[in-house]
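Per the working numbering, the very first residue in the sequence shown carries number 955; after that it's consecutive. No residue lacks a Cβ here, since even glycine has one placed at the ideal position from N, Cα and C. The structure displayed is predicted, hence computed values, not measured ones.
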Amino acid sequence: MTTATEEVANPAYVGGERRVSWAWPPFVLLAAVFSVVCLRGVAAPWHWGHNGYMGAAFSQAARNSLRFGIVGQAPYHFGAEPPSPEAIYTHHPLGLHAHVIAAFLIFGEHEWAARLTPVIHSVATLILLVFAVRRYWDVETAWLTGLLYLLTPLNVIFANMVAHQQGGMFWSLAAVVTYLRWLETGTRRYAAFCAAAITLAAQFDWPGYYVAFAIAVHCGVLGLRGAAPRSWIRFLFAFSAVTLVNMLGFFVWIYATRGDLSDMANSFMLRRASPPLGAYLALLYRRLALLYGPALLLAAVVGAITAWRACRSDGLQSRALLPLGFGFAGLVNVVAFPHAAELHSYWTYYWSPTVALLAAIGLVAAARWFSQGQRSASWSVALIAGFAALQGARAWHTSAEQFEHGHAADCQNCYFQRYEREWFVALGKLNEGKSVEYAIHSSVREPRIELLYYLDSPYVFLSDLKSSPGRVLLVDEYRLSEADQEVMRRYRSAYPHSVWMDRFYAVDFRAMASGRARFAAVDRDVKPWRW
């Protein structure tokens, strides 16, 4: 069996490997626990907040692609006819969309099916990160990196949110790891793996391109220093070409689909909108403290100082690309798109591998310092155990709190519109497979996409209670004036209708025969922690 040392083409740039036993039980336990964390709430309905909005939107996009046989994403289309080109969403690549379509084809249209893509990629990221740190650092740092990644509140809260970040993170990490392997071996196999990984990263999320840029710069610098494999120019050219083809191909597809790039340009400028610098920095600080935790950030600072001192004495090793690449990607995301960072609590997601790794380096350095000389090794164990307990308590408290807010750091409580959601679920089931158009009266608090997903029908909004021939009128009687309540009594005596909780009415103007269906109030799935 060929050892890693025998494979290395450029041993000076591998650096830091310690050949120790794997310690499989802790690693398997980490992967198992994180899998359970990722599956928590996997079958829950779409709630208010990031999790609900994103899940409903991209599930509706997949539903429309299957229904109308279209490639593009139409997350906000609820019509009975195929969406127009203007309804196609072009702000992100199609990787997530393709995966949700595949999940719906295989398993049917379920919330848990849509969440499979982020779940699988979240767990895979933890596993690959631990393997990478094990190879380029040591087993202690690897184990701690995995543990701290698991105990990062951000990774717990957004582990199964239907979004681009989880897939983009995993494939970007795969690109970095396979690139480092190419540096060691110089083989075409790892060059091909790296090109494939960056393609998938770019098809999931834009930061894949930022990581690709970091890889290209890293390769160019090493090549000019004579420290890369002899084929570095061919690799750099091919890698850059693959990256550019991915980007240009997506823009060509947008132009062919919509006829112009105006929607993409408008989205770019909107996300670039900059708030006052002081307010923006305060927001980032609050988000980092909430979604990472002060203790973890402090440990990461200690780790960064430790790594910097090691670089000064031993030189910058290729493994530094792992934390630096994701640090760079996260920085570009935050600096280039401040308005997007304001809107999306998870915008610092790409920093999480860097923070976990640097914090692990800092803790390992502190633990080894405690074990020197006459000090007892038990101090090292106590340090790590105490830190893990502190961070674990932080992760548990923060994630529990944020689940109550629909998986969002700065968002209204997810119980808002919970009964309206259940009403829309009942209406969707009642009229499933039927051609229905709804008229939503202004007494119904304007439904977000989480509710419209369950309704799954065309709709219009009405400001008054005029008759709406051919439609089903939706009304919240609790929010009607006395005059409008009298109008509703006449409608109920003349048209079929259903009532939910003696409050929410659906009056069917498609027929004149009187009829009534009553639904009881049921707190079904209100709690977000549903398996």
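In the three-state reduction of the DSSP assignment, VAL1025 falls in the coil class. For the pair GLY1122 and TYR1304, the CB atoms are nearer than the 9 Å cut-off.
The region 1091-1104 and the region 1015-1023 do not touch, with fewer than three beta-carbon pairs separated by less than 8 Å. With a cutoff of 9 Å on beta-carbon distance, ARG1425 and VAL1414 are scored as near each other. Inclusion of LEU1317 and LEU1344 in the CB contact set at 9 Å is not warranted, their separation being larger than that value.
With contacts defined by Cβ atoms closer than 9 Å, PRO1029 and THR1211 do not form a contacting pair. Residue pairing by DSSP places ILE1394 opposite PHE1415, LEU1428 in a beta bridge. The DSSP-derived three-state label of HIS1351 is helix. When the alpha-carbon of HIS1118 is set against those of ARG1089, VAL1335, ALA1320, ALA1156, the nearest one is in ALA1156. The three-state secondary structure of HIS1451, taken from DSSP, is strand. Going by DSSP, PHE1058 is part of no beta strand (DSSP E) but of the alpha helix (DSSP H) stretching over 1049-1061.
Per the Cβ contact rule, the region 1218-1228 is in contact with the region 1287-1294 (3 or more Cβ pairs under 8 Å). Your pair GLY1346 and THR1308 does not check out as a contact, with CB atoms roughly 20 Å apart and the cut at 8 Å. GLN1439 and PRO999 have their C-alpha atoms some 32 Å from each other. Where PHE1147 is concerned, the enclosing alpha helix (DSSP H) starts and stops at 1142-1158. The continuous alpha helix (DSSP H) containing VAL991 extends over residues 978-993.
Under the three-state reduction of DSSP, VAL1461 is assigned to strand.
In terms of Cα proximity to ARG1263, the closest of LEU1251, GLY1213, ALA1319, ALA1096 is ALA1319. For the pair VAL1398 and ARG1088, the Cα-to-Cα distance works out to about 55 Å. The Cβ-Cβ distance between PHE1124 and LEU1082 falls below 9 Å. When the five nearest sequence neighbours on each side are left out, the beta carbons in the same chain lying within less than 7 Å of the beta carbon of LEU1381 are those of LEU1409, ALA1460, in order along the chain.
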